[in-house]
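The structure appears right after this line, and notes come after that.
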Amino acid sequence: MEVKNWAELQDRIITLYGQGKLREALEAANSAAEIFPERATRTSYWRACLYSLLGETRKALAIFEEAVGHGIWWSETTLMNETDLAPIRDTPEFREIVLACKHLGAAAQEGSRPQIMVLPPRKADGASPPPLLMALHSRGSDAQKFAPYWQPATETGIVVAIPQSSQMCAKDEFCWDDEDRAATEVTWAYEKTRDSYRFDPSRVVIAGASQGGRIAITAALKGDPFQSRGFIAVVPAVRDIEGFVVLMDKAAPRGVRGYIITGDRDQFYQGACRLQDAMEKNGLLCKLDVRPGMGHRFPPDFSDTLLRALDFVLKGD
């Protein structure tokens, strides 16, 4: 199979894994490690998990040991809660790996600070300030890897801001696990953008993918840390919707809109459907864009989808 990009190869690995084709998934993960050495944190983890599941425990441990030797680490929560690693979890070698990761992670977290990447509009209308799109990365991503998905919005005259969480879940991978801290850092990112770029505060859209999508939905419905026209959520990590439903009464008078992009093979698909249904029942417009056969990933035509979603949230159908 010809590899076109990281997203395509990642989707292939996840699909094969979900189908139980572990040996094929491992072959794809080994290829990914060779083609994308800059993604070693992710590919090492996949390979170790797959070797563990296949019963090749020595190889799984060797991959972790080599990665840790190069300064790569994963959070203790990730390592200890990963069911794929059950075959090696009770070994002394794995306990040493977890301990080494704790030390590496603590040092990295101590120096981690929130960041903000802003993509100015490439097409400017001098008569009025542009809208702002703030997009929150998925768990395990960062601003630099996440920004290209949202860059097409700048072609239509929109300021795009990509906050990066200070919370780390692995080497060079960031998350929004502490949602109170996430809200504080999103506020900081909004204020930093406002201080440096001109935009219309009445035309703000908050977006995100996976875990970032869930944070974006919460922020839009709450109207906090800033008010927005609504949200765009790509495969949002949503299962229990009760926390969202209690926010909908106050969101409805503000005319908050949502646009959810998901796939019917995404593990959070049912949650996304329930959320859209609840929003409609509570007087909130929400479009559900379901892609047949798609798993937990961005759709290949996301550039066009993003523009449709922005039009829906900002201007109406």
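Taking numbering that gives the first Met the number 0, the leading residue of the sequence shown gets 0, the next gets one more, and so forth. Positions of the beta carbon are idealized from the N, C-alpha and C atoms, including for glycine.
Inset, instruction - Determine the DSSP secondary structure at Arg138, reduced to helix, strand or coil. - result: coil
Legend entry - Through-space distance from Ala219 to Ala250, alpha-carbon basis: 8 Å
Legend entry - Enclosing alpha helix (DSSP H) for Leu103 [first to last residue]: 91-109
Inset, instruction - State the CB to CB distance for the pair Val237 and Val312, rounded to an integer number of angstroms; the pair is presumed to be in contact (CB under 8 Å). - result: Wrong, their Cβ atoms sit about 18 Å apart, outside the cutoff.
Legend entry - Inter-stretch contact at 8 Å, needing at least 3 Cβ pairs: the stretch 264-276 / the stretch 299-309: no
Legend entry - Three CB pairs or more closer than 8 Å across the stretch 204-216 and the stretch 136-151: yes
Inset, instruction - List the endpoints of the continuous alpha helix (DSSP H) containing Val237. - result: Counting along the chain, Val237 falls outside any alpha helix (DSSP H), and DSSP gives it neither H nor E.
Inset, instruction - Using the Cα positions of Glu241 and Arg57, report the straight-line distance between them to the nearest angstrom. - result: 44 Å
Inset, instruction - Output yes or no for whether 8 Å exceeds the beta carbon distance between Cys48 and Trp73. - result: no
Legend entry - Straight-line gap, Met133 to Arg213 (C-alpha atoms, nearest Å): 14 Å
Inset, instruction - Put Gly282 into one of helix, strand or coil per three-state DSSP. - result: coil
Legend entry - For Asp265 and His295, believed in contact at Cβ under 8 Å, the rounded distance: 5 Å
Inset, instruction - Tell me whether the beta-carbon of Gly68 lies closer than 8 Å to the beta-carbon of Leu103. - result: no
Inset, instruction - For Gln166, count neighbouring Cβ atoms within 10 angstroms of its own Cβ and tell me buried if that reaches 16, exposed if not. - result: buried
Legend entry - Distance, Thr77 Cα to Glu26 Cα: 23 Å
Inset, instruction - Would you kindly check if the distance between the Cβ of Phe145 and the Cβ of Ile161 is under 8 Å? - result: yes
Inset, instruction - Would you list the residues sitting across from Glu172 in a DSSP beta bridge? - result: Ala169
Inset, instruction - Would you kindly report the start and end of the unbroken beta strand (DSSP E) that includes Leu118? - result: 114-118
Inset, instruction - Going by CA-CA distance only, name the one from Ala105, Val233, Asp179 that's closest to Thr261. - result: Val233
Legend entry - As assigned by DSSP and simplified to three states, the class of Met79: helix
Inset, instruction - Hey, could you find the ends of the alpha helix (DSSP H) Gly211 is sitting in? - result: 210-221
Legend entry - Gly257 beta carbon less than 8 Å from that of Phe230: yes
Legend entry - Span separating the alpha-carbon of Leu131 from that of Leu8: 32 Å
Legend entry - Whole-angstrom distance between Asp248 and Ala31, CA atom to CA atom: 46 Å
Inset, instruction - Can you say whether Leu309 is buried or exposed, counting buried as having 16 or more other CB atoms within 10 angstroms of its CB? - result: buried
Legend entry - Alpha-carbon to alpha-carbon, Ile13 and Ser43: 14 Å
Legend entry - C-beta contact flag for Ser318 and Asp194 at 8 Å: Not covered by the structure: residue 318. The range shown for the chain is 0 to 316.
Legend entry - Distance, Glu33 Cα to Asp316 Cα: Model confidence at Asp316 stands at a pLDDT of 49, short of 50, so the residue's coordinates are unreliable; what they give is reported in the following sentence. About 45 Å.
Inset, instruction - Using a threshold of 8 Å, state whether the C-beta atoms of Ile87 and Ala59 are closer than that. - result: yes
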